[in-house]
Amino acid sequence: MLKSLLPFCAFAFLLSSCGDGKPGAFDKAGYHVDGTKVWYLATWTAKPFEVVGADAASFKHPLPKGESIYAKDKNHVYLRARVVPGADPATFEMFDDEYSRDAKFVYRGEERICDDSANFEVLGGNFVKNSKAVYRLYPKVEVQTTDVANFRKLAQSEYHSYFADTEHVYVNGIIVEGALPASFKVIKGGFGRDEKQAFYFSEPMPDGTLMDSFEVLDGPYARDGRRVYFMGKIVEGADPVTFEVTDAKFQRAKDAKNRYQQDKSVPATPGNP
Numbered sequence: 352m353l354k355s356l357l358p359f360c361a362f363a364f365l366l367s368s369c370g371d372g373k374p375g376a377f378d379k380a381g382y383h384v385d386g387t388k389v390w391y392l393a394t395w396t397a398k399p400f401e402v403v404g405a406d407a408a409s410f411k412h413p414l415p416k417g418e419s420i421y422a423k424d425k426n427h428v429y430l431r432a433r434v435v436p437g438a439d440p441a442t443f444e445m446f447d448d449e450y451s452r453d454a455k456f457v458y459r460g461e462e463r464i465c466d467d468s469a470n471f472e473v474l475g476g477n478f479v480k481n482s483k484a485v486y487r488l489y490p491k492v493e494v495q496t497t498d499v500a501n502f503r504k505l506a507q508s509e510y511h512s513y514f515a516d517t518e519h520v521y522v523n524g525i526i527v528e529g530a531l532p533a534s535f536k537v538i539k540g541g542f543g544r545d546e547k548q549a550f551y552f553s554e555p556m557p558d559g560t561l562m563d564s565f566e567v568l569d570g571p572y573a574r575d576g577r578r579v580y581f582m583g584k585i586v587e588g589a590d591p592v593t594f595e596v597t598d599a600k601f602q603r604a605k606d607a608k609n610r611y612q613q614d615k616s617v618p619a620t621p622g623n624p
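Heads up, the sequence shown is in our numbering, so the first residue is 352 and it goes up one at a time.
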């Protein structure tokens, strides 16, 4: 009986990292404080390691609103056991599940985004702001405009967001070149227009688009009195008078003569008779 229990005891002993204070395979991922040492376990399958330099006596984790990846002591703020450069532990707090801040600065992960943290606000659509500027986040953090007062949201959905200031219209953080902010309106499905022309996301509709008859259909289709469009491109040969979308999800359509899959004419099928 005793002999049969030896393998299990040895296994359990190993899982507890041989009693040296390290978290074992059955321990929760995150930080573990043991006496004068702080350990970090990324996942239950990973190997724990010591957070070198961490002060166990003042170590705090998890932080309010934070996950197991954030912690702090009297000297530093930690993200996944790495020091967040320059972050002040005395005033550091989680803003939400993506951003954090201290008395002076805002951070996304280990990256410092901006100062004026007291006035930080997430706008969505690749933008954040403080009282000094609106910042574009991707592909890198940079000032988009200092005209904070006139930067406004036009529309936002699951797939796109529109903002504008006095000079530009932005869709998903990209400038809609040539769009007039004063008259720009979001239609639907990535289509928008101003008093002069229409756009599909950030691209203008093809030359010759008739604005007086321009109509957005279901899905990424649109038409005017002359042509049919798919994702802002002309559907060659399609008849705008008889054109109809038969399946917006799978991007199928038809007119009096043809069937279409996206912008291509295709043979009739049971799904698009």
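C-beta atoms are modelled at their ideal positions from N, C-alpha and C, and glycine is treated no differently.
Chain B within 8 Å of residue 536, Cβ atoms only: Of the protein chains in the structure, only one exists, and it is not chain B.
Distance, residue 429 Cα to residue 403 Cα: Locating residue 403 in the sequence shown gives position 52, counting from the first residue. Locating residue 429 in the sequence shown gives position 78, counting from the first residue. When rounded, the distance between both Cα atoms is 11 Å.
Rounded separation between residue 538 and residue 554 - CA only: One-based indexing of the sequence shown puts residue 538 at position 187. One-based indexing of the sequence shown puts residue 554 at position 203. When rounded, the separation of the alpha-carbon atoms in residue 538 and residue 554 is 14 Å.
Residue environment, residue 562, which counts as buried when at least 16 other CB atoms sit within 10 Å: Here residue 562 corresponds to residue number 211 of the sequence shown, with the count starting at 1. Its Cβ having fewer than 16 others within 10 Å, residue 562 is exposed.
Residue 593 and residue 607 closer than 8 Å at C-beta: Stepping through the sequence shown from its first residue, residue 593 is reached at position 242. Stepping through the sequence shown from its first residue, residue 607 is reached at position 256. Yes. Within cutoff.
Local Cβ density within 10 Å of residue 390, reported as buried at 16 or more and exposed below that: Here residue 390 refers to the residue found at position 39 of the sequence shown. So residue 390 ends up on the buried side.
Burial state of residue 572 (16 or more Cβ within 10 Å): Here residue 572 refers to the residue found at position 221 when the sequence shown is read from its first residue. Buried.
Residue of 491, 623, 372 and 399 minimising C-alpha distance to residue 462: Taking the sequence shown and counting its residues from 1, the one referred to as residue 462 is at position 111. When only C-alpha atoms are compared, the closest one is 491.
Closest by C-alpha distance to residue 503, when choosing among 425, 529, 455 and 473: Walking along the sequence shown from the start, residue 503 turns up at place 152. With distances taken between Cα atoms, residue 503 lies closest to 473.
As assigned by DSSP and simplified to three states, the class of residue 623: Here residue 623 is taken as the residue at index 272 of the sequence shown, counted from 1. Reduced to three states, the DSSP call for residue 623 is strand.
Contact test: residue 511 Cβ vs the ligand SAH heavy atom, cutoff 7 Å: In terms of ligand content, the structure shown is empty, and the ligand SAH therefore cannot be addressed.
Rounded straight-line distance, which links the Cα of residue 546 to that of residue 560: Residue numbering aside, residue 560 sits at position 209 when the sequence shown is read from its first letter. Residue numbering aside, residue 546 sits at position 195 when the sequence shown is read from its first letter. Distance between the alpha carbons of residue 560 and residue 546 is about 13 Å.
Beta-ladder partner(s) of residue 405, from DSSP: Position 54 of the sequence shown, counted from the first residue, corresponds to residue 405. Residue 405 is not bridged to any residue.
Range covered by the beta strand (DSSP E) that runs through residue 395: As a position in the sequence shown, residue 395 is number 44, starting the count at 1. Per DSSP, residue 395 belongs to no beta strand (DSSP E) and is neither H nor E.
Cβ pair residue 480, residue 494 closer than 8 Å: If you number the sequence shown from 1, residue 480 lands on position 129. If you number the sequence shown from 1, residue 494 lands on position 143. No, the pair does not count as a contact, with Cβ atoms beyond the cut-off.
Whether residue 477 touches residue 540 by CB criterion (8 Å): In the sequence shown, counting from the first residue as 1, residue 477 sits at position 126. In the sequence shown, counting from the first residue as 1, residue 540 sits at position 189. Taking 8 Å as the Cβ cut-off, residue 477 and residue 540 do not qualify as a contacting pair.
Proximal residues to residue 417 (C-beta, below 6 Å), its chain only, five neighbours per side dropped: Start at 1 with the first residue of the sequence shown, and residue 417 comes out as number 66. Result list for residue 417: 445, in chain order.
Simplified DSSP state of residue 589, which is helix, strand or coil: Stepping through the sequence shown from its first residue, residue 589 is reached at position 238. Three-state result, residue 589: coil.
Beta-ladder partner(s) of residue 526, from DSSP: In the sequence shown, the residue the question calls residue 526 occupies position 175. Paired residue(s): 521.
Cβ-Cβ separation, residue 522 to residue 552 (assumed contact under 8 Å), whole Å: Stepping through the sequence shown from its first residue, residue 552 is reached at position 201. Stepping through the sequence shown from its first residue, residue 522 is reached at position 171. Right, their Cβ atoms sit about 5 Å apart.
Euclidean distance between Cα positions of residue 597 and residue 565: One-based indexing of the sequence shown puts residue 597 at position 246. One-based indexing of the sequence shown puts residue 565 at position 214. So the alpha carbons of these two residues sit roughly 20 Å apart.
Identified DSSP bridge partners for residue 445: As a first step, residue 445 is located in the sequence shown; it is residue number 94 there, counting from the start. According to DSSP, residue 445 bridges with 451.
Spatial neighbours of residue 570 in its chain, beta-carbon cut-off 7 Å, leaving aside the 5 residues before and after: The sequence position of residue 570 within the sequence shown is 219, counting from 1. Within the same chain, residue 570 has close Cβ partners 540, 596, 599 and 602.
Segment limits, beta strand (DSSP E) that includes residue 568: By 1-based counting over the sequence shown, the position of residue 568 is 217. Unbroken run through residue 568: none, as it is neither H nor E.
Residue 376, DSSP secondary structure in three states: Residue mapping note: residue 376 aligns to position 25 of the sequence shown, counting from 1. In the structure shown, residue 376 sits in coil (DSSP, three-state: anything other than H, G, I, E or B).
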